[in-house]
Amino acid sequence: MKKRQVVSMIRVSTPGQATDDRKGLNRQREDIAVFQDSYGLEIKRQFEIVMSGTDVHRTRDFHTMLEVLKRPEIAGVVVPSIDRLSRDHRLSSMALFKVFEETGKFLFCDLGEMDLNNPQHTLIIWIMINQAGNERKAIKHRTLNAREKMRLDPKTSIDKRPKGVVHKRVNEKINYGEFEYDDYATMKILPAFNRLLKGDTLFTITEELGFPSVPALRYTLKNRWWIGYKTRLHKIIDRVWSPEDERWAGGKRVLHDKPIVERTNLADTPLVSPAVFERVQELLAINHDTHIKRKTRLNDFLAAGLLFCKCGSKMYHKKRRGGRNLGGHPKPAIEGHFKTGQR
Numbered sequence: 027m028k029k030r031q032v033v034s035m036i037r038v039s040t041p042g043q044a045t046d047d048r049k050g051l052n053r054q055r056e057d058i059a060v061f062q063d064s065y066g067l068e069i070k071r072q073f074e075i076v077m078s079g080t081d082v083h084r085t086r087d088f089h090t091m092l093e094v095l096k097r098p099e100i101a102g103v104v105v106p107s108i109d110r111l112s113r114d115h116r117l118s119s120m121a122l123f124k125v126f127e128e129t130g131k132f133l134f135c136d137l138g139e140m141d142l143n144n145p146q147h148t149l150i151i152w153i154m155i156n157q158a159g160n161e162r163k164a165i166k167h168r169t170l171n172a173r174e175k176m177r178l179d180p181k182t183s184i185d186k187r188p189k190g191v192v193h194k195r196v197n198e199k200i201n202y203g204e205f206e207y208d209d210y211a212t213m214k215i216l217p218a219f220n221r222l223l224k225g226d227t228l229f230t231i232t233e234e235l236g237f238p239s240v241p242a243l244r245y246t247l248k249n250r251w252w253i254g255y256k257t258r259l260h261k262i263i264d265r266v267w268s269p270e271d272e273r274w275a276g277g278k279r280v281l282h283d284k285p286i287v288e289r290t291n292l293a294d295t296p297l298v299s300p301a302v303f304e305r306v307q308e309l310l311a312i313n314h315d316t317h318i319k320r321k322t323r324l325n326d327f328l329a330a331g332l333l334f335c336k337c338g339s340k341m342y343h344k345k346r347r348g349g350r351n352l353g354g355h356p357k358p359a360i361e362g363h364f365k366t367g368q369r
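Following the working numbering, the numbering of the sequence shown begins with 27 at its first residue and continues without gaps.
Now the structure itself:
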């Protein structure tokens with residue numbers, strides 16, 4: 027008997043799950059091999075995807091699989107279980123099965139040989155996907171609650187730490203241990219605090235200590251890890267899906283509903299004392315205020331109308347609507363503080 031040609035798909039949500047004994051890639055490959063023999067199938071191409079069940083349909087590999095599925099010689103798709111295809115409980119998620127209905131393809135899984143044009147099979151698939159979606163919501167809820175509890179634990183590390191702080195775990199498999207400052211903190215961050223107190227400018231410190239930029243230096247010096255506190259003050263919302271990177275990206279940074287400021291073991295031996303840290307914050311605030319005022323200060327000559335263009339028109343700093351200045355030119359010749367422009 028001639029075997030039917032199919033494609034197979036296995037999926038895990040994260041790279042860490044790939045090696046899991048119960049639901050990892052190897053276990054799913056074993057299930058596929060069993061179905062292959064049971065249903066008399068010949069796998070022409072196998073797709074292995076690392077993506078959550080709600081976003082798997084967004085990946086390039088998934089769309090490629092659907093295109094391969096449209097070939098007349100392909101009888102269908104074999105998966106270890108329905109939830110490998112989707113864990114989205116929304117009705118709109120059923121749209122991914124449109125190609126099965128239009129081409130008459132079959133879905134081979136632990137439930138048997140499923141025909142999407144059979145109302146009974148369609149109902150079973152919908153029930154299983156809805157159940158998988160609700161299970162995913164429960165898992166996510168438990169995971170988020172556990173992460174929030176761990177954020178309040180002074181010996182765990184959940185959020186990203188600044189460069190210069192390391193977490194020494196008591197066991198590689200357990201997120202529990204002590205925090206330490208490494209050489210980067212003592213050789214670069216500590217001198218930055220000391221030099222700012224001595225009167226060095228942020229630009230000088232940035233250039234001589236090798237920070238990427240002045241804003242990066244300011245952001246680093248504001249971090250409370252240097253006095254032994256792990257903090258989470260902001261969160262990212264309104265992320266959008268990036269087809270190129272196949273992940274959620276972008277979004278905007280807003281204040282967290284419940285800011286977390288938790289004391290760690292580093293508070294006993296901080297990189298800088300709380301008094302030094304607060305003094306540096308005052309200096310950063312003064313520096314920022316001065317910077318803003320210098321940017322908004324008008325050139326005295328432009329404000330008085332004492333500069334002239336080579337055409338004879340007076341040049342002013344003030345703009346009219348539409349971007350034209352009082353001299354009639356499309357752009358002001360000078361913007362900012364004592365910077366000459368060229369036409």
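We put the beta carbon where it would ideally sit given N, CA and C, even for glycine.
Owing to the predicted nature of the structure, the values given are computational and were not obtained by experimental measurement.
Return the residue from the list I312, V266, L149, K256 that minimises the CA-CA distance to T182. Nearest option by C-alpha distance: K256.
Is M35 closer than 8 Å to R110 when the C-beta atoms are compared? M35 sits close to R110, with the two beta carbons spaced by under 8 Å.
Alpha carbon to alpha carbon, what distance is there between T85 and E74? Going by the C-alpha atoms only, they are around 11 Å apart.
Rounded to whole angstroms, what's the CA-CA distance from N197 to N220? Just pull it up for me. Rounded to whole angstroms, N197 to N220 spans 36 Å at the Cα level.
Own chain partners of R30 with C-beta closer than 6 Å, once the 5 adjacent residues on each side are dropped: These residues qualify, in order along the chain: L67, A101.
Length of the line joining the Cα atoms of K344 and C337: Bear in mind that a pLDDT of 49 at K344, under 50, signals an unreliable position, so the number given afterwards is only what the model happens to contain. Approximately 19 Å between the Cα atoms of the pair.
C-beta contact flag for Q157 and K248 at 8 Å: Going by C-beta atoms, Q157 is not nearer than 8 Å to K248.
If P106 and Q54 are in contact, beta carbons under 8 Å, what's the gap, nearest whole angstrom? P106 to Q54, Cβ: 4 Å. Contact.
Applying the criterion that 16 or more other CB atoms from any shown protein chain within 10 Å of the CB defines a buried residue, is S299 buried or exposed? Counting Cβ neighbours within 10 Å, S299 comes out exposed, since fewer than 16 surround it.
What is the DSSP secondary structure of M11, reduced to helix, strand or coil? Nothing about residue 11 can be reported from this structure: the residues present for the chain run from 27 to 369 only.
If you measure from the CB of L149, is any heavy atom of the ligand GDP nearer than 7 Å? The ligand GDP is not part of the structure shown, which contains no ligands of any sort.
Assuming L243 and L259 form a contact by the criterion Cβ under 8 Å, report the distance between their Cβ atoms to the nearest whole angstrom. About 19 Å; that fails the 8 Å criterion.
Under the rule that 16 or more other beta-carbon atoms within 10 Å means buried, what is M140, buried or exposed? It is buried - the Cβ of M140 has at least 16 other Cβ atoms within 10 Å.
What's the gap between the Cα of I69 and the Cα of V60? Distance between the alpha carbons of I69 and V60: 12 Å.
Rounded to the nearest angstrom, how far is the Cβ of L170 from that of L309, given a contact under 8 Å? L170 to L309, Cβ: 38 Å. No contact.
On the three-state DSSP scale, how would you describe N197? Residue state, collapsed to three classes: strand.
DSSP on K344, reduced to helix/strand/coil? Legend: pLDDT at K344 = 49, less than 50; position of this residue unreliable, no value from coordinates given.
Tell me whether F237 sits in a helix, a strand or coil according to DSSP, three-state version. The DSSP-derived three-state label of F237 is coil.
Rounded to whole angstroms, what's the CA-CA distance from R116 to D81? Just pull it up for me. Each residue's alpha carbon lies about 12 Å from the other.
Helix, strand or coil for I215? Go by DSSP, reduced to three states. The answer is helix: DSSP assigns I215 an H, G or I state.
D283 versus M120: straight-line alpha-carbon distance, rounded: Pairing D283 with M120, the inter-Cα distance amounts to about 35 Å.
So for S119, helix, strand or coil by DSSP? Of the three classes helix, strand and coil, the one that applies to S119 here is helix, per DSSP.
Is DSSP giving K261 helix, strand or coil here? Strand at K261.
Beta-carbon contacts of L292 that lie in its chain and below 6 Å, excluding the five residues immediately before and after: Taken in chain order, the residues that qualify are F205, G254.
Between the beta-carbon of E161 and the beta-carbon of N143, is there less than 8 Å? Taking 8 Å as the cut-off, the Cβ atoms of E161 and N143 do not count as close.
If you drop the 5 nearest sequence neighbours on each side, which residues of the same chain put their C-beta closer than 8 Å to that of S39? The beta carbon of S39 is closer than 8 Å to those of V76, M77, S78, G79 in its chain, skipping five residues each way along the sequence.
Let me check one thing: in DSSP terms, what residues is A100 bridge-paired to? Correcting the residue type first, residue 100 is Ile in the shown sequence and not Ala. DSSP, once it has assigned bridges, lists Q31 as partnering I100.
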